[in-house]
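Peer 1: Could you have a look at this structure, given as structure tokens, before my questions?
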């Protein structure tokens, strides 16, 4: 019941209020600056309002808090998930604001963004320790691998890695919104199976907000989520996988994010070592664009792959 309330509130707030945010950004001429090294046909997207993540983050917070109070589930776990969503969202907002102010596609310096992400990981781990959750990684077939104090480095790596992975994936209209809907719905089902209803509530609040955002973000996008939205979603997704103690499942359930990140790493490594590129352009969604695929075809294909990994991921845990 509480999860349904969280979903509905988050969905309605985002759906109803997003047009006002779009009008506001357009009136202020706050539009996305497109990367110069990106596909040339993306230049026509320049000027499209960004930071749409602001609205669905607010909606997720409101939906989660109201549903949490109704269901008596305002637990430290729910609050730390909201904290990660807000902190990573603020980092992205700062990044987006610098880009808009300077009229360029470069925002925060890498070390500034990394420092903020690590601070979030430290606070997350303190709450995690307070709740007495296991300091180990569940490895399928082998059980729990206890890492002790090294678990901090894993948590930091997971939160930083997946927040940036989702950020890299956010390069096409609607792509991340659709993927995030599938990913969080998957973990919401897993949380329900584990009777972790506070995590389930949060997951479906995210699904509601992001699904409503997709109404305005599908091609041709009326607004982008910006780094504010993608960093927040990635960090929250990693946090959810840790709290459910199914950390490594994210490598499969979030396979698209992993492939997008790997394509960038391989492209850079190959070019530096051999002077040759593996892909026509990275991240890999741009490679398919260069091959002549439409954005809709890429979206639908990547969503389909994500749906398959989601279903098989759930099946493997039962």
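Residue numbers (UniProt numbering): 1 to 318. Even for Gly, the Cβ is constructed at its ideal location relative to N, Cα and C. These numbers were taken from a predicted model, which means no experiment stands behind them.
Which runs of the alpha helix (DSSP H) spanning at least 4 residues fall entirely within the segment 231-315, listed in chain order?
Peer 2: Listed in chain order, they are 249-253, 255-274, 284-290.
Peer 1: Beta-carbon within less than 7 Å of residue 283's beta-carbon, same chain only, minus the 5 sequence neighbours each way: which residues are those?
Peer 2: Same-chain partners within the cutoff: 168, 169, 171, 260, 263, 264.
Peer 1: Would you report the Cα separation of residue 164 and residue 187, rounded to the nearest angstrom?
Peer 2: Going from the Cα of residue 164 to the Cα of residue 187 covers about 19 Å.
Peer 1: Taking 8 Å as the cut-off, does the segment 231-245 touch the segment 147-162 (at least 3 CB pairs, one atom from each stretch)?
Peer 2: Contact holds: three or more Cβ-Cβ distances are below 8 Å.
Peer 1: Does the beta-carbon distance from residue 224 to residue 75 come in below 8 Å?
Peer 2: Cβ atoms of residue 224 and residue 75: not closer than 8 Å.
Peer 1: Taking contact to mean at least 3 C-beta pairs separated by less than 8 Å, is the segment 182-199 in contact with the segment 127-144?
Peer 2: These segments do not touch.
Peer 1: Could you check what DSSP says for residue 143 in three-state terms: helix, strand or coil?
Peer 2: It is a strand residue.
Peer 1: Would you call residue 217 buried or exposed, if buried means 16 or more other Cβ atoms sit within 10 Å of its Cβ?
Peer 2: Looking at its Cβ environment, which holds 16 or more other Cβ atoms inside 10 Å, residue 217 is buried.
Peer 1: Would you list the one or two residues that DSSP bridges to residue 91?
Peer 2: According to DSSP, residue 91 bridges with nothing at all.
Peer 1: What would DSSP say about residue 137, mapped onto helix, strand or coil?
Peer 2: Three-state DSSP puts residue 137 in a strand.
Peer 1: Measuring only the C-alpha atoms, how far is residue 234 from residue 274?
Peer 2: Computed Cα separation, rounded: 32 Å.
Peer 1: Is residue 55 closer than 8 Å to residue 96 when the C-beta atoms are compared?
Peer 2: Against a cut-off of 8 Å, the Cβ pair of residue 55 and residue 96 comes out as no contact.
Peer 1: According to the Cβ coordinates, are residue 58 and residue 82 closer than 8 Å?
Peer 2: No, Cβ-Cβ distance for residue 58 and residue 82 is not below 8 Å.
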